[in-house]
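Below is one structure, written out as structure tokens; the observations come after it.
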Amino acid sequence: MKRGRKPARDTRGKSLGQNFLTDEDILQSIVTSANITPQDTVFEVGAGMGDLSAILAQKCAQLVTVEVDDHILPFARLRLESFDNVRVIHGDIRRLHLAEILEPLGPFKIVANLPYYLTTELIEMFMLLPQPVKSVSVMVQKEAGQRVLAGPGEEGYGPLSILCQVKATPQKALDVPARYFNPPPKVDSMFLHMPMRSTPPVPQEEQTFFLKTVRAAFSQRRKTLLNNVMPFFRLERGAAEAVLKACGLPLNVRAEEMQISQFLDLSGILQSQ
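Per numbering that gives the first Met the number 0, residue 0 is the first one in the sequence shown, and the count goes up by one each step.
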């Protein structure tokens, strides 16, 4: 396997508002933080110019990388053409037939530099993939990283926090200041490493209803859980109060005060209604 060559680059930051990470030390730290080994298959979202992809390709057994931007895709292909363990796919991750791409891979790790405006959507997509994901490691806006890590009563605690903590064990791996990107964004970033739980507390077949319950609970943050649950699940007040009492929850509780275990109880009882 050869080391990929770096093409001349004059389009950084001009396509789709991307901010490229080029610092070699940070790139190496990302791969280390993602715990990439020579036995791993890696699915990368956002190849960019191929800088991180090239390091991943040197460290893993197989790399499948996706890039949506057709202006910079040729640079990524040129950067990676000498690697015999890399497949580059052109497309929008939200519109690709992922089952066809991922199912032949076996267990794999996800590494991604996420567009800030798609952070929540893509993390949720990764967490809910039916294929055997071993870990999800993502570069996100610092505020989004704090939301993933937030606990009850903390700013940003919500559906994204709960989904990630139910499916994985999120941890902050790196703080990455804006100056390390080209062009620098207006905010700092955070690299998260999220090893997936081998036995998540919500079975695959119950995930959709669990998420529905969590989103209902947070649907209007100024309202109590009781007042959010009643219209969403079409429950009379007496029935809704009985559900909360069965969970051991006070009738004036708000979603942002609840432990994840309480959401699990709530979802289970609502699903049995």
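Cβ atoms here follow ideal geometry from the backbone N, Cα and C, with glycine treated the same way.
Small disclaimer: the values here were computed from a predicted structure and weren't measured.
Asked	Found
Check whether N34 and S134 have beta carbons under 8 angstroms apart	yes
N- and C-terminal bounds of the beta strand (DSSP E) containing V65	61 to 66
Supposed close pair V165, P199 - CB separation, criterion 8 angstroms	6 angstroms
V147 versus R253: straight-line alpha-carbon distance, rounded	19 angstroms
Span of the beta strand (DSSP E), counted from its first residue to its last, around T40	40 to 44
DSSP three-state assignment for S275, whether helix, strand or coil	Past the edges of the chain, shown from 0 to 272, lies residue 275, and the structure says nothing about it.
8 angstroms Cβ cutoff met for S136 and L173	no
Opening and closing residue of the alpha helix (DSSP H) in which N112 lies	Counting along the chain, N112 falls outside any alpha helix (DSSP H), though it belongs to the beta strand (DSSP E) covering 107 to 112.
Y179 vs E255 beta-carbon contact at 8 angstroms	no
For S260, three-class secondary structure by DSSP	helix
For F231, three-class secondary structure by DSSP	helix
Strand pairing of N181, partner residues [DSSP]	F19
Status (buried if at least 16 other CB within 10 Å, exposed otherwise) for Q203	exposed
A216 in three-state terms, based on DSSP	helix
Classification of V186 by the beta-carbon crowding that lies within 10 angstroms, buried from 16 upward	exposed
Inter-residue CB distance, L113 and V139 (contact presumed, cutoff 8 angstroms)	6 angstroms
Which residues DSSP lists as bridging I88, in chain order	V65
Inter-residue spacing [alpha-carbon to alpha-carbon] between D9 and L72	Residue confidence for D9 is low, a pLDDT of 46 falling below 50, so the modelled location carries little weight and cannot support an answer.
Alpha-carbon to alpha-carbon, T40 and G105	8 angstroms
Proximal residues to N227 (C-beta, below 8 angstroms), its chain only, five neighbours per side dropped	A215, A216, F217, S218, Q219, A254
Buried or exposed by the 16-neighbour rule on C-beta atoms within 10 Å, applied to K1	Because K1 sits at a pLDDT of 40, beneath the cut-off of 50, its placement in the model cannot be relied upon, and the point is left open.
Residues sharing a beta bridge with Q140, DSSP	S188
From A53, Q38, R221, residue whose alpha carbon lies closest to that of Q27	A53
Beta-carbon proximity of A111 to G45, cut-off 8 angstroms	yes
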